[in-house]
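Protein sequence lines correspond, in order, to chains A and H.
Here the first sequence is numbered in the numbering used here, starting from 568 and rising by one per residue.
Here the second sequence is numbered in the numbering used here, starting from 34 and rising by one per residue.
Heads up: the structure comes next, in structure tokens.
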Amino acid sequence: MKNRTFFWFILPSLITMLLFIALPIISVAVQSLHIEHEAVMVEVKNCGPFGCKQELQVDVEETAKLKQERPLGQFNGLGTYTNRNHLAFTEIGLAWQSSTGVVDFMSKVLNLPFYRALAFTLTYTFVVTPLVVTFGFMIALGVNTLPKKIKGPTIFISLLPMIVTPLIGSLILFWMIDANGILGSTLQWIFEDPDLSLKASPPLTWIMLMVYGVWHSAPFAFIVFYAGLQTVPAETMEAAMIDGASRWERTRYVVLPHLMPLTVFILLIQLMDNFRVFEPIVSFSAQASATSLSWIIYNDLVGTESQFFGSAGATSVLTIIGVSILLIPVLVRTWRDFNQKVV
Amino acid sequence: MFLKTISFVGAFALLGSTAIAGCGISSGSVSVLSNDFPAIQAVTSAAASCAGDGVTVKTNLTKDHKDIMVAALTANPAQYSSVIVSNSTLVTLMNDGLVRPLDEMVAKHGAALSKSQLITVNGKVMAVAFMANAQHLFSRTDVLEAAGVDGIPATYEDVLAAAEKIRAAGLMEYPVALNTKAGWNLAEEFVNMYMGTGADFFKAGTAEAAVNNENGVATLDMLKSLVAYSNPDYLTYDSNATQAEWEAGNLALATMWGSRGSAVLDDEGSTAEVVSGTVLSAAPTWGNGARPASTLWWDGIAISTNVSDEDAEATFVAMMNGISSDVVKANNAAAVWLDGAYMPSPASAGVSGTASGGAAPYPMLPFMGALHTALGAEITDFLQGSESAEQALADVEAAYTAAAKEQGFLK
């Protein structure tokens, strides 16, 4: 394709991407560098059904003037990024100086909201992603060997976890694992422990969220792998069979290498998705035991009376940086493969 | 929910023609955003009966009203001409100048209001309160009797003793519940309990938090003692969960919202045994405090700045119709109404008792919301036993300070 043709061909996508991806990200980044104006406070008398009281209030007119002059708020540079609710440089420095050992230091770091969320987010990403790929591959291999008649229904049922909206899916599980729910009481019966509660202990909550994550995402990996399996060349398989390769050896030396590009694709998507883990934390009411970066953003914007736009912006930018770092190894590998093929 | 209210209001709109004389408005567009519980449903449906020729009434009742109100009222013209506000949400709207003073309209249309219903800030009427709410004690007298407890606990120490007796008697393993879902609910329990000590949340005249003290520590210790008698899942319990547990007969002592009282005491969703044994009473005191450990809330009507004067007036009149004595009489048990026609009932005994016991209102401070959010996120570590009370409170203050700086309340 000529460069000019290519340019015209790609222009509409380019414009939409600029408008709907690049611009919002830039606006979020700009917002994250600002905090609200210093509130002009006045002490006034408030009266109501329960009596009167002298209380501080915002002087609306004075504050409105400030807002009119600079609608974005005060410029704060990277102040929001480094404050206690985000990267917390000062607190980490203090913790480092006052710690008695690595364990003490880590516990102080994990007491900070951003790092606590990061710990869960990373654990979730690195546990769920490989499990999703493995399970997806195994289910695909299994379904591929089924007789034609039951293949269709099996595929449909296997896809159900992905079809159900994450918020609803996790809410249903949340009720099932309740101490009075079917899964919760069965577990209590199996372990003969009437106090066993998946919602109460942080480690069990983490496990529950990860099990949910695998349950929800495995069908995606399955369907991609299943499609890939249909393209495995029959001649190569037959040749391998004639050479006396067992089923395991055929899978290991023929199928897996053939599906490698797909595996990289699934890894890429899953790393991004899992790093943004959010819905199950809300549905499982798990915020006391597990928070994620996306959840912090949500918490800054929803459920409080006044929104923290600067703080939410800063966490969003940090999340984008986090995703980029995670994807670098996979992208580098893809780039190398691509170059080798060209040569 | 939205669709449901729209159709609900639509049904009223059809019936509206008979009610027009009572409302006395001939034109205007009324739209109301509010929380969703029975008393508010009564108010908004009565206001909706003003719809008719030239008058439209729309309502959106949702528990997520807090999340959308600022954006909806910032638009010009505002998406809603009225918001049903409380102590805390009125402050948020006033911070941005989104609600208008009501003095003129009160003088013109508010003859039926008593002075205590007017929420005045710096001498201007900013809202008209119509009901009071508070969290207070719900007790199962039949269970208390069976466990050999005399009377209804008046202090949280008594609550703990009663809970121990109930557990020891083998009646219930987890007899106690509070709305302790991590986040807003749990923070509200801290605020309630801390109020019982009589201490302030901030250093006088400043926005500096002052909860990391012996009162704060004692408050956390009391909460921890109480949740020891709660179901292990307590960090996921919100009002809906505690009400369901209560109606299922799994609880004997609970701190719940007064606005849940009529739903608990009605003949739906529970057994006769639970309903007949349930008694609502004032929030307990604790420690050496004389003040009930609860916060008083009012719900009231505020009118948007960014709507035409005509719509504002129509809205005010429609809402006055919504909180009229007739509505109060017809829904007497749904809330503790501030109207003179209100007759105290068993469902409202708890809120009345809490108010007459001298409980303080929830602080109407612009930076209280930030402290509330910090409390909801940081005190779970203490309750789960992974850090000390002092550390948890230090974390609360640190998280609050960072947030308050971002909102311009602290330098």
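Where a beta carbon is used, it is the ideal one built from N, C-alpha and C, also for glycine.
Output yes if chain H places a C-beta closer than 8 angstroms to the C-beta of Leu623 (chain A); else output no. yes
Proximal chain H residues relative to Asp762 (chain A), where beta-carbon distance stays under 7 angstroms: Pro265
Three-way DSSP call (helix, strand, coil) for Asn166 (chain H) in this model: strand
To the nearest angstrom, how far is it from the Cα of Ala410 (chain H) to the Cα of Gln621 (chain A)? 29 angstroms
Is Pro186 (chain H) near Leu313 (chain H), with beta carbons less than 8 angstroms apart? no
In chain order, what residues of the same chain have a beta carbon less than 6 angstroms from the beta carbon of Ala54 (chain H), not counting five sequence neighbours either side? A caution first: Ala54 (chain H) carries a pLDDT of 43, below 50, which makes its placement in the model unreliable, though a value can still be read off. Contacts found: none.
3-residue-minimum beta strand (DSSP E) runs that sit fully inside the stretch 304-361 of chain H, ordered along the chain: 311-314, 328-336
Run through DSSP, which three-state label would Ile588 (chain A) get? helix
Is His142 (chain H) helix, strand or coil when you go by DSSP? helix
Can you round the beta-carbon distance between Gly333 (chain H) and Val161 (chain H) to whole angstroms, since I take them to be within the 8 angstroms contact cut? 5 angstroms
Helix, strand or coil: which one does DSSP assign to Gln624 (chain A)? strand
Own chain, CB closer than 8 angstroms to Thr338 (chain H), minus 5 neighbours either side, in chain order: Leu106, Ala111, Gly130, Leu131, Val132, Arg133
Lys766 (chain A): contacting residues in chain H (beta-carbon distance under 8 angstroms): Pro265, Asp266, Leu268, Thr269
Rounded to whole angstroms, what's the CA-CA distance from Ile177 (chain H) to Glu280 (chain H)? Just pull it up for me. The sequence as given places Leu at residue 177 (chain H); Ile does not occur at that position. Cα to Cα, the separation comes out at about 16 angstroms.
Assess contact between the stretch 376-385 of chain H and the stretch 299-317 of chain H, defined as three or more Cβ pairs (one per stretch) separated by less than 8 angstroms. Is contact present? yes
Please list the partners that His604 (chain A) has in chain H, where partner means a Cβ-to-Cβ separation under 8 angstroms. Gly441
Tell me which residue opens and which closes the beta strand (DSSP E) that Glu846 (chain A) is part of. Note, Glu846 (chain A): premise wrong, no beta strand (DSSP E); alpha helix (DSSP H) at 846-850.
If the cut is a Cβ gap below 9 angstroms, which residues of chain A does Met397 (chain H) touch? Asn613, Gly615, Lys620, Glu622, Gln624
Determine the extent of the beta strand (DSSP E) in which Met228 (chain H) is found, giving its start and end residues. Not the beta strand (DSSP E): Met228 (chain H) falls in the alpha helix (DSSP H), residues 217-228.
Below 8 angstroms, can you find three or more Cβ-Cβ pairs linking the stretch 589-596 of chain A to the stretch 878-895 of chain A? yes
What residues of chain A sit near Ala153 (chain H), judged by a beta carbon separation below 9 angstroms? The sequence given here has Thr at residue 153 (chain H), not Ala. Simply Lys612, Asn613, Cys614, Gly615, Cys619.
When you compare the CB of Ser149 (chain H) with every CB in chain A, is at least one pair closer than 8 angstroms? yes
Check each candidate in H:Gly291, H:Gly310, H:Ser258 and name the one with the smallest Cα separation from Asn283 (chain H). H:Gly310
Give, in chain order, every residue of the stretch 847-876 of chain A whose Cβ lies closer than 7 angstroms to some Cβ of chain H. Ser852, Gln854, Ala855, Val869, Gly870, Thr871, Glu872, Ser873, Phe875
Cutoff 8 angstroms: Thr107 (chain H) Cβ touching any chain A Cβ: no
Cα-Cα separation between Trp575 (chain A) and Thr583 (chain A), rounded to whole angstroms: 14 angstroms
8 angstroms Cβ shell around Asp300 (chain H) - same chain, five flanking residues per side excluded: Val308
Under 8 angstroms between the Cβ atoms of Leu371 (chain H) and Pro770 (chain A)? no
Comparing alpha-carbon positions, which option in H:Ser172, H:Phe349, H:Tyr270, H:Val192 lies nearest Val65 (chain H)? H:Phe349
What residue range does the alpha helix (DSSP H) around Ala853 (chain A) cover? Where Ala853 (chain A) is concerned, there is no enclosing alpha helix (DSSP H), given that its DSSP letter is neither H nor E.
Status (buried if at least 16 other CB within 10 Å, exposed otherwise) for Leu151 (chain H): buried
Taking 8 angstroms as the threshold (C-beta atoms), are Ala210 (chain H) and Lys198 (chain H) in contact? no
Which residue from H:Ser115, H:Asn120, H:Ile58 puts its Cα closest to that of Thr77 (chain H)? H:Ser115
Asp86 (chain H) versus Cys56 (chain H): straight-line alpha-carbon distance, rounded: 12 angstroms
How long is the line joining the alpha carbons of Asp760 (chain A) and Tyr270 (chain H), rounded to whole angstroms? 22 angstroms
If I measure Cβ to Cβ from Thr830 (chain A) and keep anything under 7 angstroms in the same chain, skipping five residues before and after, which residues do I get? Val700
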